[in-house]
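K.L.:
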Amino acid sequence: MNDVIGLAPWLVGFPLIGAAVLLLGGRATDRWGHWLGVAASAASAVVAFILMFRMIGTPPEERAVDHGLWTWLSAGGLDVDLGLRLDPLSLTFVMLVTFVGTLIHVYSVAYMDHDVDRRRFFAYLNLFVAAMLTLVLADSYLLLFVGWEGVGVASYLLIGFWDTGRPSARENAVAAKKAFVMNRVGDMGLIAAMAILFATVGSVSFADVLPAAGGLSETTATAVGLCLLLAACGKSAQFPLQAWLGDAMAGPTPVSALIHAATMVTAGVYLMVRSGPILEAAPTAQLVVVVVGAVTLLFGAVVGTAKDDIKKALAASTMSQIGYMMLAAGLGPAGYAFAIFHLLTHGFFKAGLFLGAGSVMHAMGDQTDMRRFGGLSRFLPITWITMGLGWLAILGIPPFSGFWSKDGIIEAAFVPVDGQPWRAWVFGSVAVLGAAITAFYMTRLFFMTFGGRRPRWTENQHPHEGSPLMWWPLVFLGVGSAALGAVLGIGGTFTTWLEPVVGHAEHHEPVLPVPAIITVTLVLVVLGAALAFRMYAVALVPEEAPRGSFLTRAARKDLYQDAANETLVVLPAHGVARLVQVGDRDVVDRGWGVLPLAVSWFGAMFRKAQTGYVRSYAAGMAGGVLVIAVVAWLVIQLGGGLGGAQ
Amino acid sequence: MFPWLTVLVAWPLVGAAVVGLSALVRRRTGPAGGGTGLARPLALVFSLVEVGLLVGAFLAFDTGAAAEHQLAEQHAWIPQIGASYAVGVDGVGLLLVALSVVLVPLVLLAAWREQGRDEVRLRRFVALVLLLEAFMVAVFSARDVFLFYVLFEAMLIPAYFLIGGFGQGAGRRRAAVKFLMFSLGGGLIMLAAVIALYFLAVDAGVDPRQAFLVGQLTAVDLGTVAERLMFVGFFIAFAIKAPMVPVHSWLPDVAGNATPGTSTLLICVLDKVGTFGMLTLCLPLFPEASRWAAPFVIALAVVSVLYGAIMAIMQTDLLRLVGWTSVSHFGFIILGIFTFTPLGTAGSSFMMLNHGLATGALFLVAGFLVSRHPERSQKIAAYSGLRSVTPVLAGTFLVAGLATLSLPGLATFVSEIMVLIGAFGGSPAGSAAWAIAAIPGVVLAAVYVLLTYQKIFTGAPAAGLEALPDLRVRERVVAAPLVAGLLVLGLVPSLALTYVDAPAEQSVAAVTAVDEPADAAAQMGSDK
Amino acid sequence: MDVTNYVVLAAVLFAIGATTVLLRRNAIVVFMGVELMLNATNLAFVTFARMHGDLTGQVLAFFVMVVAAAEVVVGLAIIVTIFRTRRSASVDDVNLLRG
Amino acid sequence: MTTFVPPEIDWLALAPLLVVLGAGVVGILVEAFVPARARRTTQIVLTLAALAGGFAVVAVLWPQIVAQPVQVLGGSVTLTPFALGTQGLVAALAFLGVLVVADRTSTGQDAFAPSASAVPGTSYEDLARRSGLEQTEIYPLLLFAAGGMMLFASTDDLIVMFIALEVLSLPLYVLCATARRRRLLSQEAAAKYFLLGAFASALFIFGVALIYGFAGTVRLLVIAQRVQQGGLPLEGMTVLLVAGVLLVTVGLLFKVGAVPFHAWTPDVYTGAPTPITGFMAACTKVAAVAALVVVLYRITIGVGAVSPETMQQLQAVIVVVAVLTMAVGTVVGSVQSDVKRLLAYSSIAHAGFLLVGVAGFRPEVQASTLFYLLAYGVATIGAFGVVTLVRERRVGATSGEDNGPVEDDGVVLGEATEIAQWAGLGRKAPWLTAAFALFLLSMAGIPLTAGFIAKFGAFSGATNGGLWWLAVLGVLASVVAVAFYLRLLVVMVFRRADDETVPERVPDAEDLGEGAGASGAPAGVGTATLVTPQVTASQQVAVTVVRSRGPAAVAIAVCAVVTVILGVFPSPVLGLVEQASKFVP
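Protein chains in written order, with our numbering: chain A, 1 to 646; chain B, 1001 to 1528; chain C, 2001 to 2099; chain D, 3001 to 3585.
#1: With distances taken Cα to Cα, identify the nearest neighbour of A:F198 among A:G330, A:T220, A:T611.
#2: Considering B:I1078, what are the terminal residues of the beta strand (DSSP E) in which it resides?
#3: Can you find a C-beta in chain C that's less than 7 Å from the C-beta of A:G612?
#4: Consider the Cβ of C:L2097: report whether some Cβ of chain A lies at a distance smaller than 7 Å.
#5: B:H998 lies in the alpha helix (DSSP H); which residues open and close that run?
#6: At 8 Å on the CB atoms, spell out the chain A contacts of B:V1500, in chain order.
#7: Compute the distance between the beta-carbons of D:A3288 and D:K3255, then report whether it is under 7 Å.
#8: Got a sec: is the Cβ-Cβ distance from D:D3499 to anything in chain B below 7 Å?
#9: Taking only runs of the alpha helix (DSSP H) that begin and end inside the segment 204–281 of chain A, which ones reach a length of at least 4 residues, in chain order?
#10: Per DSSP, C:S2090 is paired with what?
#11: D:P3035 to C:I2078, Cα distance in whole Å?
#12: How would you list, in chain order, the residues of chain A whose beta-carbon sits under 9 Å from the beta-carbon of B:I1456?
#13: Does DSSP classify D:D3338 as helix, strand or coil?
#14: What residue range does the beta strand (DSSP E) around B:W1250 cover?
#15: What distance in whole Å lies between the Cβ atoms of A:T567 and A:G478, which are believed to be in contact at a cut-off of 8 Å?
#16: Excluding the five sequence neighbours on either side, which residues of its own chain have a C-beta within less than 8 Å of the C-beta of D:I3009, listed in chain order?
#17: On the three-state DSSP scale, how would you describe D:S3399?
#18: Would you mind sorting A:P88 into buried or exposed? The rule is 16 or more other CB atoms within 10 Å of its CB.
#19: Starting from the beta carbon of C:T2056, find every residue of chain D whose beta carbon is closer than 9 Å, and list them in chain order.
#20: Quick one: grab the DSSP three-state call for A:L73.
#21: Show which residues of chain B have a CB atom less than 7 Å away from the CB atom of D:E3578.
#22: Just to confirm the assignment, what range does the beta strand (DSSP E) spanning B:S1084 have?
#23: Note down, in chain order, each residue of its chain lying with its Cβ closer than 6 Å to the Cβ of D:D3156, except the 5 sequence neighbours on either side.
#24: Please list the segments of the alpha helix (DSSP H) lying wholly inside the segment 91–160 of chain A, counting only runs of 4 or more residues, in order along the chain.
#25: Could you please give the first and the last residue of the uninterrupted alpha helix (DSSP H) stretch that includes B:T1498?
#26: Would you mind telling me which residues of chain A sit closer than 8 Å to D:A3200, beta carbon to beta carbon, in chain order?
#27: By the three-class DSSP mapping on this structure, what secondary structure does A:D79 have?
#28: Please work out which residues of its chain come closer than 7 Å, Cβ to Cβ, to A:L82, disregarding the five sequence neighbours upstream and downstream, and give them in chain order.
#29: Is there at least one Cβ from chain D nearer than 7 Å to A:V594's Cβ?
#30: When the Cα atoms are used, what is the spatial distance from A:F135 to B:M1352?
#31: The alpha helix (DSSP H) that contains D:T3330, what's its start and end?
#32: Specify whether the segment 322–337 of chain A and the segment 463–477 of chain A touch according to this definition: at least 3 beta carbon pairs, one from each stretch, less than 8 Å apart.
#33: Less than 7 Å between C-beta atoms, sequence neighbours within five positions excluded: which residues of the same chain meet that for A:L634?
Below, the structure is given as structure tokens:
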């Protein structure tokens, strides 16, 4: 392992250099810039593969390696090396990011072909890859935070990629800002967590903090855990910081696939798993994590059922799926592996679904409304098949990859914690219910797009597959969606792989027998899918959305999340801001302004005494003599001077 | 030993004089009318040579002993009142000297076309900038309270003329007066404390002919009440300079009315005297009083952080907005200083440097933007959709903005996180709570930066602005060093931290070493 | 007779002089008030001289007289000039300068 | 046969006074015997030489007096280093002041009326002007005033002090009345100054009488001695002493221009010819403050020892007066709109700052007071010197409602003293503006100017005397003072001339007469018509800066240089004045 560890910095280095060249090179790099971007990403992927093979060849207990680069900051007792931590967990992520990332780079070459700013797009993509790899490879919370916000910026830049020159430009920019700001709300948690950790442990590097986590008081651990959860909620669009994800679909579709489905949004799960020891020391925090996961799971699923915009439906799905992961991450060591496993499979099938959606949009002139699709299977066969694989995977139909990971999570959710069976029943049921709803909305999405007897297209549509650059990545991801789960899932390969990092999980029995859980889940999934099939494949889909039930309308509006944020946060905040503004102008500034006014006023008063009449001056002098006499008399009366030295 | 600091102070003075005299040359040999003359190139050359001299000073500085005041010189100046010409810098002082020296050529370059073709105005502008540079270098080097005070006040005068004489806004005269009145008001209150300090020091046996040497004064026990009164006197002056809520009112007016170059020098460098003074005078001279006041100061600092950020969000004027962001950042700096942790103090020291680079970049780039507007409007609403029109300008603005919101990877992040993490573990009561309370500042920072970027650079280009030129080479040359500095210091902050770490340790030790009086409150009561 | 009586007399004369200065409008009369004050002083001087038994006080009285004479010269010159310009010797008429 | 024992007189110690006053006498003779053509030159040379000579003698005497103060004529002249320093200071400042007085500027006219006794607006006045009469008597008058000022603080004898007071005051009364322009104001100033001055003198001398009654002597040191010894006839009636000292103090405070005895200051400073205002503001302040210091400190040596409460009363009075003076000077100054008046209030404010230092009642204050007076004096003379050069110029006259402005006839009128008129001066005369700004900054007490070191010394004096809160009040007053200096600075430097509409001023009689017969017949002689002459043509004026013929420029330059040097390297001068901190012979 140590002989190739020197390559690790290049994982970040290649895309970083790529981004730098593309950004600084300017228009000169327009012609070949996108290929440089692909090459940079691919180079990272190659390095990742090399490292991967070497790690597999290393004994499990030696797989975690810290590779320090240079002293980053060392002051006032805080010593942080800029260093990379390579272990099965981070390398899993690296593989996902570089491999899927490279596919999406390739896809984008074609997808963004007509965009004048393609070079800039690749610069941002490369920047994202570099930041994401920094995030997962960091050996300290501080460096993790660099990547954490780095991906935030990349995400900001890419969501707002089309921020001028289009009718929707301003909305895109607003969406980008919203994403970044809500992420920052979460980031406060990470800062606070670091502050608490430095105050208690005296360090923020994983190597010091994680082993010491067991020694933390429960209060401290809970505080840190909750702070980290806040960060994770922001980055992973978990309740209550979920509102930005839907708007983030304003970015080009490859961005949605890479950042807002496969990699960045799952960083919160990574953070939870990475900080496992801390959460384990804080059962309350763990419970909150599970609750957040469960709530988001249902939230996203419900929203997904009502969305007619294909990307927003997928975004809701992403939110829901990450809810699963988060739920698993809150279950302790038993759930970590499945959380990451699901993260991995989800990364493949959801990226595939998004790229498929991009392919559809590409074919349909950037139309995203599913009610204007229909009957596309004949025109886009490759897209149809690959998205079909993704659809089966997310439904959790065996043997597609989603089954292996999601089923693991559902089983883990049914395991009672600390002898509290109610938790098992509640969270298990939620997970199963979520699976059923997922089946419904994904089937709805799939058949509204590809099925149906009659196309509902707008005028002048001639759908056709894109260039091979676009569909080859789809094929790769489709294969992954189909097979990855089985490859890694059978025999617990993946669980074993992560064991050096997340620890060995004792096997606990769920409250229901495992076959029963699987059966119930599958039955519900099939029911959900069948219902959707009946409603959207057999029946006619209206081109205009019907008014729908109250629940439908609510789900269409993301369960009023924006209204809630507006009412609960934005309006009060704006009120406070207005108050501060008015206060500054009318109290502080005017308050200072009173001083010169007072001086002028007194000046004008005293000035009147200067009448110009000699006699009044003389009277003033005489009065002055009297005043002096009175002062002198008072000194005697009051006794003592003025505090003078004498 | 070569008198680096004296030379660093004297050289810009020589420059100012030469620039002033260049008027005579032009009259004889220059073009008859409308000539651009010698003033700008001369000033630029002088400021660049000054940068060279700065490198010399850095080489002569021993980083191993960064806590000590090096390159020191000491001569009797006005022995009758105990004043000496004593200069010397520790790591923090050296960094701030460096900040002043580095920013001046950039500001000169940025202002290259600002004053139009008016030769007289131009000459006065650059001469004043050089004069201000000399004062700034001197004030960060002063190791004598009297000398510090003299420079602290005297440098207001060139700053005053720079604001009032060369600004863009219609309210610049008012702004200049407001600036001077606030600063002098604080400064004169400090004067009373300075005088009192002298007599107490002499009473305590300090040599009356050198009674103002900082090194000597730190050893003097002033007595609780006197110490606190004097602390208040010094602190008010520094708080006004810093600028801290609620004595910040002058700052937005100045930022909105002065030229961006002036604002850069003023807010990014000159105002650091406030926090620098807190760190190098308030803490070591009045350790007990510093601890006594710390809870209050921290609270005000955090209020400043949030207040400044909220006000920035509400601004409609671009340059005023940048000014308000500084109120927020200075809040962080003060928070770090008054929580008495080595980490927080080092972070604050580092932040003084970074804020200069980041906010300087933002001011200058905002200035470039404003200078492109046909009416030189500073209203944010006057701009729209410029990202596609002036991509490089937009990118530079965004990077400067991201530095302002302390994006990790940039130097500002390192310092801000050091302050926050350090402050959380601070010794004054309530430090942790206040540190947590300051954290929302980072969210607000994101809002004000991105909201501004969104309004100016996204959407459809505003009418009349579709053909604005992008950043010129000269402007890129101005922005590049600042951005590069922020990046390099973000990735290798130890380059700067080696200078501030030891001084931070020392100043914290100075404050916390003094034993807390058994019951300070009771003692205070009895003294009254 | 106690010395106090003389001193009180001097003080009363002084006060009358001062009151004249404050109350009368004619510049000449105002000036006469000042002269009265000076003469009250002279009275005090000679009284005290007698009390102390030395001549200083009496000599001082002469000095005061001389000074008074000098003041008259300058004062009348100024007042007359103004009178010639304004045809008025009222001090209340000279108030262009104020505020 | 009685043997005549001639008094032993240390003529050298008297020399500074003798030189200046003697030259004054010679000046009178010059008026009588030197032909008119050469008279002005002779007078100027004589005056400057006398003042320079006086200063030189002071310099020669300095080491001797520092080593051993002397009493001449039984204390009538008591030369302590402080007194000698005062003499030197007065001589030096008077020298600078006379330079300004002597400058005729590029207009060829000095600031004084050709015939001060002529009624304004009469044909006689016109005749005097046309025949080129000049009142060269002002120079001997200046010398007498300067001599009086030099004597004022150099005596231990209250009656000599009284005489000195009159010697310095009487010439000033006359000088005030001699302005060439705005003669009504000038005469009014003289009248006010005279009446109030006489009133104050009366208070002073009555105080002397009371002190004499209590102590049997008018020698300050002897008073102190006798009070300490006790056994005086009116032992119990300390009220006599207290009242006496207070009245004497009042007389001096009048000269100092302290509130509530300040009322004459703005009016007189405004009305007097500007060069005289400068001379008066600087030199009188020096003499009066120095005399106050001498009286207060010598009295308290003796009185403070036996009767601490008397001491406290005195201190309380000074403190109250100081506070009032600072407050009124700065606050009222901040609402002025006339440059000369503003400087007058500034002078009042400075009296307050000086008293803050004096109130500390510490011997060191003598040094800091001398320094303060020097810093203040040079700034004041310089500032008024600048004022003399900023003039109004007639740009055109309209003879009716429908007539446009006529050609600029370029006649330079009086001084432009409205603050608004100074707009854009920075463009018209950068160097002059720079100098004036420097004087303002010095008066404001900005570091690196002499004013700062001076203020530092004054506040130190109070703090050293335990009155730190008085120093804080002083500091607050300084803030207000800065505000009004700034107002002027802003107008001069930042405001363009065209920002302001040129105020349409009605010129006074003198200005009309200057207009080469522009309005042929002199206006009527009624008071009302003189105040606002009935002229058919209203005039518009612009502001111009006339060139100095040399002396004023030299004075301004010297003042500026001294202001800077004293701000940056005050050490040598501080070293000198430190030696003056010895009181008692």
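The C-beta atom is built at its ideal place from N, Cα and C for all residues, glycine as well.
P.N.:
Looking at the atomic coordinates:
#1: Locating residue 198 of chain A in the first sequence gives position 198, counting from the first residue. Measuring from the Cα of A:F198, the nearest candidate turns out to be A:T220.
#2: As a position in the second sequence, residue 1078 of chain B is number 78, starting the count at 1. 1070–1078 is the extent of the beta strand (DSSP E) around B:I1078.
#3: Against the first sequence, residue 612 of chain A aligns to sequence position 612. Answer yes: the Cβ-Cβ gap between A:G612 and chain C drops below 7 Å somewhere.
#4: The residue labelled residue 2097 of chain C in the question sits at position 97 within the third sequence. Yes, C:L2097 counts as interfacial toward chain A.
#5: Lying outside 1001 to 1528, the shown extent of chain B, residue 998 of chain B is not represented and no answer is given.
#6: Residue 1500 of chain B sits at position 500 when you count from the first residue of the second sequence. By Cβ distance, chain A contributes A75.
#7: Residue mapping note: residue 3288 of chain D aligns to position 288 of the fourth sequence, counting from 1. Residue mapping note: residue 3255 of chain D aligns to position 255 of the fourth sequence, counting from 1. Yes, they are a contact pair.
#8: Residue 3499 of chain D sits at position 499 when you count from the first residue of the fourth sequence. Its pLDDT being 43, under 50, D:D3499 is placed unreliably by the model, and the measurement read from it follows with that caveat. No - not a single Cβ of chain B is within 7 Å of the one on D:D3499.
#9: 206–212, 218–236, 243–247, 253–257, 267–274, 276–280
#10: Your numbering for residue 2090 of chain C matches position 90 in the third sequence. BP columns for C:S2090 point to C:N2026.
#11: Here the question's residue 3035 of chain D lines up with position 35 in the fourth sequence. Here the question's residue 2078 of chain C lines up with position 78 in the third sequence. Distance between the alpha carbons of D:P3035 and C:I2078: 28 Å.
#12: Position 456 of the second sequence, counted from the first residue, corresponds to residue 1456 of chain B. Residues of chain A passing the Cβ test: none, with the nearest at roughly 11 Å.
#13: By 1-based counting over the fourth sequence, the position of residue 3338 of chain D is 338. Strand at D:D3338.
#14: Along the second sequence, read from residue 1 onward, the residue named residue 1250 of chain B stands at position 250. Element bounds for B:W1250: not the beta strand (DSSP E) but the alpha helix (DSSP H), 1250–1257.
#15: In the first sequence, counting from the first residue as 1, residue 478 of chain A sits at position 478. In the first sequence, counting from the first residue as 1, residue 567 of chain A sits at position 567. A:G478 to A:T567, Cβ: 43 Å. No contact.
#16: In the fourth sequence, counting from the first residue as 1, residue 3009 of chain D sits at position 9. The answer, listed in chain order, is V3072, L3073.
#17: If you number the fourth sequence from 1, residue 3399 of chain D lands on position 399. Its pLDDT being 47, under 50, D:S3399 is placed unreliably in this model, and the value from its coordinates should be taken loosely. If DSSP states are grouped into helix, strand and coil, D:S3399 belongs with coil.
#18: Reading the first sequence from its first residue, position 88 is the one you call residue 88 of chain A. Burial call: buried.
#19: Position 56 of the third sequence holds residue 2056 of chain C. In chain order: I3159, Y3212, G3216, T3217, V3218.
#20: By 1-based counting over the first sequence, the position of residue 73 of chain A is 73. In this structure, A:L73 counts as strand in the three-state DSSP scheme.
#21: For the purposes of this step, residue 3578 of chain D is taken as residue 578 along the fourth sequence, with counting starting at 1. Those are Q1080, listed as they occur along chain B.
#22: Taking the first residue of the second sequence as position 1, residue 1084 of chain B is located at position 84. Element bounds for B:S1084: 1083–1089.
#23: Here residue 3156 of chain D is taken as the residue at index 156 of the fourth sequence, counted from 1. The answer, listed in chain order, is G3075, T3078, R3219, L3220, L3221.
#24: 118–137, 141–159
#25: As a working mapping, residue 1498 of chain B is identified with position 498 in the second sequence. Residues 1494–1513.
#26: Within the fourth sequence, residue 3200 of chain D is the residue found at index 200, counting from 1. Chain A residues near D:A3200: M621.
#27: In the first sequence, residue 79 of chain A corresponds to position 79, counting from 1. DSSP places A:D79 in strand when its eight states are reduced to three.
#28: Numbered from its first residue, the first sequence carries residue 82 of chain A at position 82. Around A:L82: L69, W70, W72, L143.
#29: On the first sequence, residue 594 of chain A is found 594 positions in, with the first residue counted as 1. Chain D, which has no Cβ nearer than 7 Å to the Cβ of A:V594, makes this no.
#30: As a working note, residue 135 of chain A is residue 135 in the first sequence. As a working note, residue 1352 of chain B is residue 352 in the second sequence. Looking at the sequence provided, one finds Leu at residue 135 of chain A rather than Phe. Approximately 28 Å, taken between the alpha carbons.
#31: Numbered from its first residue, the fourth sequence carries residue 3330 of chain D at position 330. Unbroken alpha helix (DSSP H) run through D:T3330: 3308–3333.
#32: no
#33: Looking up residue 634 of chain A in the first sequence gives position 634. Same-chain partners within the cutoff: there are none.
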